[in-house]
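With the UniProt record's numbering applied, the sequence shown covers 1 to 182. Heads up: the structure comes next, in structure tokens.
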Amino acid sequence: MDPNSTYLLEIKLLGNPKKVRKDVRCFCFDKVVDSDTTNLKDLLDEITDMYPPGYLEVAHVQYYDADLKSFPVVNTDQELMLMFQKHIDSKVVHMFIAYSDPSGCYEPIIEWEGYPSNSNQFSEPTIPSSSTQANEETSTENPITGNEHVGVDEEGLYLKINPVLDLAVVACKQKTGLYSRG
């Protein structure tokens with residue numbers, strides 16, 4: 001392996017939050033990879049072969065970005081290469097792989113003990129400029145000024161609904177449990 005493109009991945013493997021034991025937060029292991037020959041699918045396949053997920057569980061990849069103090073999600077090979085570029089000086093990447101149900105909504109990691117994050121910091125409220133205020137006012141105007149007093153639930157009462165005249169009805173007869181056109 002080329003020493004300039006070799007990275008140490010310090011991986012924290014998190015189980016499915018619905019099925020994981022409460023006394024174990026994560027499983028940690030290290031992996032050395034070559035950024036020139038690694039793609040996201042092969043990397044995930046290697047890790048899921050070593051540490052298989054549960055039935056139908058999906059692996060999600062994130063890493064810690066010390067500059068932004070955040071945990072970006074990695075979904076593509078380009079995002080994986082960006083991850084390597086951000087850690088070119090240290091050659092060490094703190095990576096998180098979380099298993100979750102495909103039917104549920106994945107909640108990305110926003111903070112982790114031992115890693116400073118921006119989620120704890122409160123931003124000062126911003127005062128919009130006069131040019132943005134004018135745009136907001138015109139976009140939120142009610143187009144029908146006569147219905148200005150009407151609530152959202154009542155707006156449907158004033159719509160003119162035209163009856164549907166072209167309705168085709170097909171009768172079906174029942175024959176031995178099967179339906180057929182008659």
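C-beta: ideal position from N, C-alpha, C; glycine also. From a predicted model like this one, the values you see are computed outputs, not experimental measurements.
Would residue i and residue j qualify as a contact pair, given that the criterion is a beta-carbon distance under 7 Å?
i: Ala14; j: Ala66; result: This sequence places Leu at residue 14; Ala is not what is there. In this structure, Ala66 does not lie closer than 7 Å to Leu14 by Cβ.
i: Lys69; j: Asn118; result: yes
i: Phe71; j: Gln78; result: no
i: Asn16; j: Glu57; result: yes
i: Thr96; j: Ile110; result: Here residue 96 turns out to be Phe, not Thr, going by the sequence shown. In this structure, Ile110 does not lie closer than 7 Å to Phe96 by Cβ.
i: Ala59; j: Leu44; result: yes
i: Val74; j: Met83; result: yes
Counting only the same chain and skipping the five closest in sequence on each side, list residues whose C-beta sits under 8 Å from that of residue i.
i: Cys28; result: Glu10, Ile11, Lys12, Leu13
i: Thr48; result: Ala59
i: Pro53; result: Asn16, Ala59, Tyr99
For residue i, which residues in the same chain have their Cβ closer than 6 Å to its Cβ, ignoring the five residues on either side in sequence?
i: Tyr115; result: Tyr64
i: Val92; result: Leu8
i: His87; result: Val93
i: Leu106; result: Before going further, note that residue 106 is Tyr rather than Leu in the sequence given. Within the same chain, Tyr106 has close Cβ partners His60, Ser100.
i: Arg21; result: none
Just confirm the distance between the C-beta atoms of residue i and residue j, as a whole number of angstroms; I'd bet it's less than 8 Å.
i: Asp101; j: Lys18; result: 7 Å
Leaving out five residues on either side along the sequence, give the residues of the same chain with a beta carbon under 7 Å from the beta carbon of residue i.
i: Asp2; result: Asp34, Asp36
i: Thr26; result: It should be pointed out that residue 26 corresponds to Cys in this sequence rather than to Thr. Lys12, Leu13, Leu14.
The stretch 3-19 / the stretch 30-45 touching (three or more Cβ pairs under 8 Å): Short answer: they touch.
In chain order, each alpha helix (DSSP H) run of at least 4 residues that lies wholly inside the stretch 51-95: Runs of the alpha helix (DSSP H) inside the stretch 51-95: 77-86.
Residue ranges of each beta strand (DSSP E) within the stretch 12-36, 3 or longer: Here the runs fully enclosed are 27-34.
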